Amino acid sequence: MFHVKQYDYDIIVVGGGHAGVEASLSTHRLGLDTLLITMSEDNIARMSCNPSIGGLAKGHLVAEIDALGGEMGKAIDKTGFQFKILNRSKGKAVQSPRAQADKVDYSNYMQNIIKAEGVDILEDIVIGVLTKNEKITGVKTTEHKKISSEAVILCCGTFLNGKITIGQTQYSGGRLNEEAAKGLTESLKDIGFDTGRLKTGTPARLRKDTINLSKLEEQHQDTNPEPFSFHTDRSSFSPPDIPCFVTRTNKNTHNIIKNNLNRAPLFNGTIEGTGPRYCPSLEDKVVQFSDKDSHHVFLEPEWKNSQQIYANGISTSVPIDVQREFIHTIRGLEKAEMIRPGYAIEYDFFPSYQLYRSLETKSIENLFFAGQINGTSGYEEAAALGLWAGINSAYKINQEEPFILDRSDAYIGVLIDDLITKDPREPYRMFTSRAEYRLLLRYDNADRRLLDYSHKIGLIDKNYYKTTLAKKNFIENVIEYTKNNYLSPKDINPILKDNNSSTVDTGININKVLKRPNINLNEILTLLPQKYKQKIKNNPEYGEQIQTDIKYEGYIKKNKKLIQKMKKHENINIPEEMDFSQIDTLKKECIEKLNKFKPETLAQASRISGITPSDITSLMIHLKD
Amino acid sequence: MYNSNDTIVARSTPAGFGAISIVRLSGDATKKLIKTSTDLDIELKHKNIYQTNFFDSQHNPLDQVIITFYQAPNSYTGEDLAEINCHGNPNIVQKITDICIENGARMANPGEFTQRRFFNNKIDLTQAEGINEFIHSETKISQKASQQLLQGQVGKAIHDIKQKIIDNISLLELELDFTEEEIESTSPSQIKTNIQDIIESIDSLVETYKYGKLVKNGLQIAIVGPPNCGKSTLLNTLLQEERAITSAQPGTTRDFIEESIEHEGYKLNFIDTAGLRKPSNSIEETGINKAFKLIEQSNLILFLIDPTQSISKHKNFDIKKYTNTFEVINKIDIADNNQINHFTDKLKLENPVLISAKTHTNIDKMCDQIIKWLENKKPSQEDKILTVQRHYNILKDVKQELKDCINTIDLGYTSEFIVTDLRTALDTLDSILGKTTNQDILNNIFSNFCIGK
Numbered sequence: 003m004f005h006v007k008q009y010d011y012d013i014i015v016v017g018g019g020h021a022g023v024e025a026s027l028s029t030h031r032l033g034l035d036t037l038l039i040t041m042s043e044d045n046i047a048r049m050s051c052n053p054s055i056g057g058l059a060k061g062h063l064v065a066e067i068d069a070l071g072g073e074m075g076k077a078i079d080k081t082g083f084q085f086k087i088l089n090r091s092k093g094k095a096v097q098s099p100r101a102q103a104d105k106v107d108y109s110n111y112m113q114n115i116i117k118a119e120g121v122d123i124l125e126d127i128v129i130g131v132l133t134k135n136e137k138i139t140g141v142k143t144t145e146h147k148k149i150s151s152e153a154v155i156l157c158c159g160t161f162l163n164g165k166i167t168i169g170q171t172q173y174s175g176g177r178l179n180e181e182a183a184k185g186l187t188e189s190l191k192d193i194g195f196d197t198g199r200l201k202t203g204t205p206a207r208l209r210k211d212t213i214n215l216s217k218l219e220e221q222h223q224d225t226n227p228e229p230f231s232f233h234t235d236r237s238s239f240s241p242p243d244i245p246c247f248v249t250r251t252n253k254n255t256h257n258i259i260k261n262n263l264n265r266a267p268l269f270n271g272t273i274e275g276t277g278p279r280y281c282p283s284l285e286d287k288v289v290q291f292s293d294k295d296s297h298h299v300f301l302e303p304e305w306k307n308s309q310q311i312y313a314n315g316i317s318t319s320v321p322i323d324v325q326r327e328f329i330h331t332i333r334g335l336e337k338a339e340m341i342r343p344g345y346a347i348e349y350d351f352f353p354s355y356q357l358y359r360s361l362e363t364k365s366i367e368n369l370f371f372a373g374q375i376n377g378t379s380g381y382e383e384a385a386a387l388g389l390w391a392g393i394n395s396a397y398k399i400n401q402e403e404p405f406i407l408d409r410s411d412a413y414i415g416v417l418i419d420d421l422i423t424k425d426p427r428e429p430y431r432m433f434t435s436r437a438e439y440r441l442l443l444r445y446d447n448a449d450r451r452l453l454d455y456s457h458k459i460g461l462i463d464k465n466y467y468k469t470t471l472a473k474k475n476f477i478e479n480v481i482e483y484t485k486n487n488y489l490s491p492k493d494i495n496p497i498l499k500d501n502n503s504s505t506v507d508t509g510i511n512i513n514k515v516l517k518r519p520n521i522n523l524n525e526i527l528t529l530l531p532q533k534y535k536q537k538i539k540n541n542p543e544y545g546e547q548i549q550t551d552i553k554y555e556g557y558i559k560k561n562k563k564l565i566q567k568m569k570k571h572e573n574i575n576i577p578e579e580m581d582f583s584q585i586d587t588l589k590k591e592c593i594e595k596l597n598k599f600k601p602e603t604l605a606q607a608s609r610i611s612g613i614t615p616s617d618i619t620s621l622m623i624h625l626k627d
Numbered sequence: 009m010y011n012s013n014d015t016i017v018a019r020s021t022p023a024g025f026g027a028i029s030i031v032r033l034s035g036d037a038t039k040k041l042i043k044t045s046t047d048l049d050i051e052l053k054h055k056n057i058y059q060t061n062f063f064d065s066q067h068n069p070l071d072q073v074i075i076t077f078y079q080a081p082n083s084y085t086g087e088d089l090a091e092i093n094c095h096g097n098p099n100i101v102q103k104i105t106d107i108c109i110e111n112g113a114r115m116a117n118p119g120e121f122t123q124r125r126f127f128n129n130k131i132d133l134t135q136a137e138g139i140n141e142f143i144h145s146e147t148k149i150s151q152k153a154s155q156q157l158l159q160g161q162v163g164k165a166i167h168d169i170k171q172k173i174i175d176n177i178s179l180l181e182l183e184l185d186f187t188e189e190e191i192e193s194t195s196p197s198q199i200k201t202n203i204q205d206i207i208e209s210i211d212s213l214v215e216t217y218k219y220g221k222l223v224k225n226g227l228q229i230a231i232v233g234p235p236n237c238g239k240s241t242l243l244n245t246l247l248q249e250e251r252a253i254t255s256a257q258p259g260t261t262r263d264f265i266e267e268s269i270e271h272e273g274y275k276l277n278f279i280d281t282a283g284l285r286k287p288s289n290s291i292e293e294t295g296i297n298k299a300f301k302l303i304e305q306s307n308l309i310l311f312l313i314d315p316t317q318s319i320s321k322h323k324n325f326d327i328k329k330y331t332n333t334f335e336v337i338n339k340i341d342i343a344d345n346n347q348i349n350h351f352t353d354k355l356k357l358e359n360p361v362l363i364s365a366k367t368h369t370n371i372d373k374m375c376d377q378i379i380k381w382l383e384n385k386k387p388s389q390e391d392k393i394l395t396v397q398r399h400y401n402i403l404k405d406v407k408q409e410l411k412d413c414i415n416t417i418d419l420g421y422t423s424e425f426i427v428t429d430l431r432t433a434l435d436t437l438d439s440i441l442g443k444t445t446n447q448d449i450l451n452n453i454f455s456n457f458c459i460g461k
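For the protein sequence lines, the chains are A and B, in the order given. Counted the way my numbering counts, the first sequence spans residues 3 to 627. Counted the way my numbering counts, the second sequence spans residues 9 to 461.
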């Protein structure tokens, strides 16, 4: 595509964290001239907190990022260790992959990719955005002053007016020993953006050779580790298995916290923001759940052969001497030395009701927000938002309709929809329970269910498309075959007997047999035609997906029924210029909420908290009037 | 048949006493009808609100009302439409409706406002269904009224049911989303017990609807008996003795006269059926068949016995066939005791009420007996009585979905499937109370359990 060169760049991405990486890679790969501005090249794709990728629901996000053509899944497969599938005792829909990350290798991998693919990188600090007629025209930096671009994606993480707290000590910073970004928030506030403040925290890092590991339980990876990425070759995938260790806090630990609450910033008024409830500090846990006298602590290496151990479960911001004292009460950590203390960080964010579903801001055209500045937490959420903003900014420049996924399409769709319809009180983290249609949204079928979308976007290569399409068709064909074919009692009864399932007198439909709780595809595999049998043997994950699709069909139908109900309202658009105060049947609070969130569809409106069905009826009637 | 030239009128708030009631008027004659009965002598404007007197046919002020006018095509129906807010007395509501009818409006059929909306191309059929899903052919105003109702005890009972469903979803989600935490999972059998408890709560609430419906809509009482046993006289007497809610007005089936009175705060709808006898022609046969149909639909069958006629004339109605027969012997002013006893024996009557419609004897006593019958049906918790049919229907659906959930547990499926059923039930219940977001469920988890590594 040829542009008349009106700007220095098509797109400027501000920030090189997990959002910035996916954003800049995707716009660059879609053929747009992209500049990534970061404070330091070395900090690209740094993991500021836990050394792991994935986990429940987050693993789903990584699979979707991968299926849409993002980089995160490939990066962790190449650099991670101790790969696991969580929730194995449950059904496939709520299982999710997780791996320990080598923080150094991961960051290096991303830096190399960005450089190798030719994204322009600039080390500088952005202190403001440039606009003309409510449209973005570029950014202002400390070193290079003004750089112009057609679109800007802000991915500044926790760096906006970041403030770190340890005990009574407070200083400005984006991460420990890294500068905060100042001026940008103010520049956006001047344009009229609402900002809020969030808090999060991180635990101390401990020196491995001062920990008595022999006392502690080890955690290992699965016997047959599975990769995150659909691009990774499964048969040759064998990541290193480096163990984590488990220990626990005890009454003494908790007493030390209790005795020092007057020095705890979260309780003595030093920190005003509330942190995420799903990731509470140890002092929060001790105070709120005083009936529990012990909590797990997971000791996780931050990279392969790392001396630096992440003490997962004891995030804190109490003074350093208190941290040292309580850590020493924990089994195995009696003599542990801190490399870095735990700390709390407060930072500015921009509530996402100011964004369209595309993550473009409602007030400034071609300005996009992605990552932690949208009020999320987690590398995976950030990466998903970065990819989304990247794709949509490219679409916008190419004058195409925004790329949208619904709540029923993907976890990413749930993420976006939740962000723009909720008023965040704490950093947003993905959970499977946030996805009401989660039976459809498995991590293992993300490639199939998103294939049409990813093909259209064009971040995936031809070969991937071809093989995934073949896989999709194969799975569908086998399922169709099971619906139309029967097994004779002679063939099936021995298998049924072996598996404590009641035998049959006449031929039985294969699909029906597979719906029985204790009959799996592998048991009847020999009874399938050769062309199916062989392929399933070579690709055991195909068999597993066929089985899952068949077994859960009834419940998936229920999900689909609810989706249809939702879609009816999803397709009713609310015009942007709609004046809700003109609807006389709406309550005042309701009008205020609608004016604040400016929902794009009736379905979005229904998901804003406090909006009742009768409000929606009134709104619907008004829309038709 | 649908006739677009009619102007239709109907009460659009639930029947009964309340702070305000709303009568809706839609059609070409709306403006004219309003002008005739109020002191508004100006051109009504779209979405304007008018305070005015409403006059009866003799031009006596009936009530102070507030009228909202919607100009065609920008109204709910797409026609000129007025909403008359009057004081919530059924008597006033009925009179306003009657006056509109006197002046040329027609009683609206159920759902006719929405039907007109459809025919006036305001919505297509799927959207009409969409609206219907929400409001179940009640109007948006009655939807509001039902929301108000939900502030009270019934609302609390429904909220309790919802909270219990959310609690169980939370227990299961906890196990699914926080598997790495030290959370003790709840056994499926415990969840099953919890759900059975919820079903019981729903059952007891649903059960109250039988009574709630009677109170809300009034008790339907079919007066049956042989020709000339005094059915019409009884009806007239009732209207003179008691506070009449309606004036004579043909029922929807036209062959019957329906009159409503209020007795001891209850609404009683008496329906005068065709005399029951062997039909002499096909027209009469149709009438009698309709009478029997009406008998089937009534809450109470008032079997009026005329002891001055022969027993055989009373045999066209098998009083022992129905359990809700209320036996009344009429004409005690002219019948002697022997005749009365003879009938009591032969027809195996149990404690018949003895009245004379003509001399107004024992009419009050009869009504008292009817109320007594009704009050026997009153649930123990008087303040928790379901009165809105939509709520009743939804709760019944929720119950079915919870039963599906128990089935899922019995089949040995894991938590995410049990949750799918519970969420379906919650979604259905939400159409009464408003959407439960996933955030609500997470909030419930965070406030009750220690989460977080």
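By construction, the Cβ of each residue, glycine as well, lies at the ideal position given by its N, Cα and C atoms. Owing to the predicted nature of the structure, the values given are computational and were not obtained by experimental measurement.
Between residue i and residue j, which are expected to be in contact by the criterion C-beta below 8 Å, what is the C-beta distance as a whole number of angstroms?
i, j, result
"B:Y219", "B:Y400", "Not a contact, Cβ separation roughly 12 Å."
"A:L564", "B:D185", "Not a contact, Cβ separation roughly 20 Å."
"B:I296", "B:I303", "At roughly 10 Å, the Cβ-Cβ gap does not stay under 8 Å, so B:I296 and B:I303 are not in contact."
"B:I319", "B:F351", "7 Å"
Using three-state DSSP, classify residue i as helix, strand or coil.
i, result
"A:I46", "coil"
"B:V17", "strand"
"A:S98", "strand"
"A:K210", "helix"
"A:M580", "coil"
"A:V154", "strand"
"B:L312", "strand"
"A:V121", "coil"
"B:C375", "helix"
"A:D648", "Not covered by the structure: residue 648 of chain A. The range shown for chain A is 3 to 627."
"A:V320", "coil"
"A:V299", "strand"
Could you pull the DSSP bridge partners for residue i from this structure?
i, result
"A:F239", "Bridge partners of A:F239: none, in fact."
"B:M115", "B:V17"
"B:P69", "B:F63"
"A:G140", "A:L132, A:S150"
(request) Taking only beta carbons into account, state which residues of the stretch 267 to 286 of chain A come closer than 7 Å to chain B, listed in chain order. (result) Legend: CB atoms of the stretch 267 to 286 of chain A lying less than 7 Å from CB atoms of chain B belong to residues R279, Y280, C281, P282.
(message) Tell me which residues of the stretch 454 to 470 of chain A have at least one Cβ-Cβ distance to chain B shorter than 7 Å, keeping chain order.
(response) Of all residues in the stretch 454 to 470 of chain A, none is placed with a Cβ closer than 7 Å to any Cβ belonging to chain B.
(request) Output, in sequence order along the chain, the residues in the stretch 399 to 425 of chain B whose CB is closer than 9 Å to any CB in chain A. (result) Cβ contacts with chain A: D412, T416, L419, G420, Y421, T422, S423, E424, F425.
(message) Measuring CB atoms only, is the stretch 280 to 291 of chain A touching the stretch 356 to 374 of chain A, in the sense that at least three cross pairs come out at less than 8 Å?
(response) The stretch 280 to 291 of chain A, when compared against the stretch 356 to 374 of chain A, does not touch it at the 8 Å Cβ threshold.
(request) Compile a chain-ordered list of the residues in the stretch 542 to 557 of chain A whose CB is closer than 8 Å to at least one CB of chain B. (result) Cβ contacts with chain B come from Y554, Y557.
(request) Can you give me, in chain order, the residues of the stretch 211 to 242 of chain A that have a beta carbon less than 8 Å from any beta carbon in chain B? (result) Identification of residues in the stretch 211 to 242 of chain A having a C-beta nearer than 8 Å to some C-beta of chain B yields an empty set.
(request) Report yes or no: do three or more beta-carbon pairs, one from the stretch 32 to 48 of chain A and one from the stretch 118 to 135 of chain A, lie closer than 8 Å? (result) At 8 Å Cβ cutoff, the stretches touch.
(message) What are the residues in the stretch 96 to 120 of chain A lying within 8 Å of chain B by C-beta distance?
(response) Cβ contacts with chain B come from V96.
(message) Between the stretch 14 to 26 of chain A and the stretch 382 to 394 of chain A, can you find at least three pairs of beta-carbon atoms closer than 8 Å?
(response) Output reads yes: the stretch 14 to 26 of chain A touches the stretch 382 to 394 of chain A.
(message) Counting beta carbon pairs with one atom in the stretch 206 to 223 of chain A and one in the stretch 329 to 348 of chain A, are three or more of them shorter than 8 Å?
(response) Enough Cβ pairs lie closer than 8 Å, so yes.
(message) At a CB distance below 7 Å, what residues from the stretch 72 to 88 of chain B approach chain A? Give them in sequence order.
(response) Within the stretch 72 to 88 of chain B, the residues whose Cβ lies closer than 7 Å to some Cβ of chain A are N82, Y84, listed in chain order.
(request) For the stretch 513 to 533 of chain A, enumerate the residues whose C-beta is nearer than 8 Å to any C-beta of chain B, in chain order. (result) The residues in question are P519.
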